[in-house]
Amino acid sequence: MHKTQQEAIAFLGEFLGYLADTPGDRDVVLCVPFTSLSVLSKSLHGTRVKLGAQNVHWAEQGAFTGEISAPMLVELGVRYVIIGHSERRQYFGETDATVNQRLKAAQKHGLTPILCVGETKAQRDAGETEAHIFNQLALDLVGVDQTNLVIAYEPIWAIGTGETCNENEANRVIGLIRSKLTNADVPIQYGGSVNVNNIEAIMAQPEIDGVLVGGASLEAESFGRIVNV
Numbered sequence: 140m141h142k143t144q145q146e147a148i149a150f151l152g153e154f155l156g157y158l159a160d161t162p163g164d165r166d167v168v169l170c171v172p173f174t175s176l177s178v179l180s181k182s183l184h185g186t187r188v189k190l191g192a193q194n195v196h197w198a199e200q201g202a203f204t205g206e207i208s209a210p211m212l213v214e215l216g217v218r219y220v221i222i223g224h225s226e227r228r229q230y231f232g233e234t235d236a237t238v239n240q241r242l243k244a245a246q247k248h249g250l251t252p253i254l255c256v257g258e259t260k261a262q263r264d265a266g267e268t269e270a271h272i273f274n275q276l277a278l279d280l281v282g283v284d285q286t287n288l289v290i291a292y293e294p295i296w297a298i299g300t301g302e303t304c305n306e307n308e309a310n311r312v313i314g315l316i317r318s319k320l321t322n323a324d325v326p327i328q329y330g331g332s333v334n335v336n337n338i339e340a341i342m343a344q345p346e347i348d349g350v351l352v353g354g355a356s357l358e359a360e361s362f363g364r365i366v367n368v
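Here's what the structure looks like:
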C-alpha cells in the first residue's frame, strides 16, 4: 500500500529511464494498488512494462464490498495479478481454498496469476518447510492451468525483515516446488528482502527465474538496477 496516483506517475517517469538497455526477453511487471491501475495503464502504452494488480476476487460481480473482479482488471489493461501473498493470508483471512478460487477466476479472464507460497519462521524452525509448501501447492493448484502461471516462493520470515533466505536454500526450495508441478517451465520467482546487494547472488541460481520485489521496488533507481541484473 504505497504511492498515490501522482507519486506513481512520478515513479514511472523515472523508472522507465533505467530500462533503455534492459534485455528484450525480460518480463517487467509493476503490481500497484487498485487506485493507480487506471492512470498507470494509460502511461504504460508503448513501453515494455506490463501492469499487474495485487489481488482479485473470484466472482465476476456481486455483493462483495471492497473487492475487485477480474473483468474490472482486464478493462484497465491489467495482465498479471498477485494471488495468495503472505500478507493477504496473514492479515485478511486468505485460505488455500480462496486462493484456488481466485487463481481460476484470474485465468478464466486471461490474467496471469502470480501465486505466492512460503513458510513462517516457526514452520521452518520445526522442519516443516517442505511439507507446508507442498500442501499449499496441492490445494492452491487444483484445476489451475499451469501454462499460464507464475509462482513466487516467499519465505514469510524474510519479507520486509532484511533477513534474506540464503540463495542456495532458496534455489533448493524452488527446485522442490518445480518438482511438484506438471509444467516444469512455470517461471518461479524468489521474494523476500530482495535488494541491490543480493540480487546478483539470487539470480545466479539455476532454479530461480526472477524475483518478486517489495520494498526495494519503491525507489526507481534501485528497482531499475535490480531489473537489469
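Mapped onto this note's numbering, the consecutive letters of the sequence shown carry residue numbers 140 to 368. Even glycine gets a Cβ: it sits at the ideal position worked out from N, Cα and C.
Query: In the DSSP assignment, what are the bridge partners of Pro252?; Result: Val220
Query: In terms of residue numbering, what span does the alpha helix (DSSP H) encompassing Tyr230 cover?; Result: Ser225 to Tyr230
Query: If distances are taken between C-alpha atoms only, which option among Gln144, Pro345 and Cys304 comes closest to Ser177?; Result: Gln144
Query: Alpha carbon to alpha carbon, what distance is there between His248 and Val333?; Result: 30 Å
Query: Just to confirm the assignment, what range does the beta strand (DSSP E) spanning Ile327 have?; Result: Ile327 to Gly330
Query: Tell me whether the region 222 to 242 and the region 252 to 272 touch, counting them as touching only if at least three CB pairs, one residue from each stretch, are closer than 8 Å.; Result: yes
Query: Would you mind giving the Cβ-Cβ distance between Tyr219 and Leu250, rounded to the nearest angstrom? I have them listed as a contact below 8 Å.; Result: 7 Å
Query: Where does the unbroken alpha helix (DSSP H) through Leu315 begin, and where does it stop?; Result: Glu306 to Ser318
Query: Would you mind stating whether Leu158 and Val366 have Cβ atoms separated by less than 8 Å?; Result: yes
Query: Excluding the 5 residues preceding and the 5 following Ala291 in the sequence, name in chain order all residues of the same chain whose CB lies nearer than 6 Å to its CB.; Result: Ile253, Cys255, Gln328, Gly330 and Leu351
Query: With a cut-off of 8 Å on the beta carbons, I'd call Arg317 and Ala309 a contact; round off their distance for me.; Result: Contact flag wrong, Cβ pair sits at about 13 Å.
Query: Just to confirm my understanding: we take Val312, look at its own chain, exclude 5 residues before and 5 after, and list those with CB closer than 6 Å. What are they?; Result: Tyr292
Query: May I have the straight-line CA-CA distance separating Val281 from Asn239, to the nearest angstrom?; Result: 7 Å
Query: Which stretch, first to last residue, makes up the beta strand (DSSP E) that contains Val289?; Result: Val289 to Tyr292
Query: If Val217 sits next to Ser208, beta carbons under 8 Å apart, how far is it from one beta carbon to the other, in whole angstroms?; Result: Contact doesn't hold; Cβ gap of about 11 Å is too wide.
Query: Report the three-state DSSP secondary structure of Val213 (helix, strand or coil).; Result: helix
Query: Rounded to whole angstroms, what is the Cα-Cα separation between Lys260 and Glu267?; Result: 10 Å
Query: Out of His271, Pro162, Leu320 and Val289, which one is the CA nearest neighbour of Ile295?; Result: His271
Query: Using the DSSP secondary-structure output, state which residues sit across from Gly191 in a beta bridge.; Result: Cys170 and Tyr219
Query: To the nearest angstrom, how far is the alpha carbon of Ser356 from that of Gly299?; Result: 12 Å
Query: Report yes if the CB atom of Val167 is closer than 8 Å to the CB atom of Val188, and no otherwise.; Result: yes
Query: Which one of Gln275, Asn307 and Asp279 has the shortest CA to CA distance from Ala340?; Result: Asn307
Query: Of the residues Val289, Ala277, Gln344 and Asn337, which one's Cα is nearest the Cα of Ser361?; Result: Asn337
Query: Within 10 angstroms of its Cβ, does Ala277 collect 16 or more other Cβ (buried), or is it exposed?; Result: exposed
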